[in-house]
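The block underneath contains the structure these notes are about, expressed in structure tokens.
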Amino acid sequence: MEENKDRLAFGKKNYTLMLIGIVVLAVGFIIMTLDKEAYGLGFMGITLGPIVVMAGFIIELFAIMVKDKTHR
């Protein structure tokens with residue numbers, strides 16, 4: 026019973042996917058700030074950036090839900 030307390034909640038695969046998701050989120054927000062149109066209403070600020078941010082959140086959700094086979 027004592028050995029279960031020393032283990033982390035996620036495995037290496039989960040943490041790697043979480044890091045990738047955070048990078049994708051950051052890239053999405055950066056893309057939104059690079060839009061040259063007034064108030065960010067161009068393609069990058071209103072279409073591409075939010076799609077990339079949504080992909081980052083999906084990666085994060087997947088990273089939480091996936092079961093790492095090496096971690097038990």
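This note's numbering numbers the first residue of the sequence shown as 26 and each following residue consecutively.
Positions of the beta carbon are idealized from the N, C-alpha and C atoms, including for glycine.
- Hey, is the region 30-45 in contact with the region 64-71, meaning 3+ C-beta pairs nearer than 8 Å? no
- Below 7 Å CB to CB, which residues in the same chain sit around residue 49 once its five sequence neighbours on both sides are set aside? Within the same chain, residue 49 has close Cβ partners 77, 80, 81 and 84.
- Task: Pick helix, strand or coil for residue 68, following the three-state DSSP scheme.
- Result: helix
- Alpha carbon to alpha carbon, what distance is there between residue 57 and residue 71? Straight-line Cα distance between these residues: approximately 7 Å.
- For residue 86, which residues from the same chain have a beta carbon less than 8 Å from its beta carbon, with the 5 sequence-adjacent residues on both sides left out? none
- Task: Mark residue 59 as exposed unless 16 or more other C-beta atoms lie within 10 angstroms of its C-beta, in which case mark it buried.
- Result: exposed
- Task: Report all residues from its chain with a CB closer than 6 Å to the CB of residue 39; omit the five preceding and five following residues, and keep chain order.
- Result: 88 and 93
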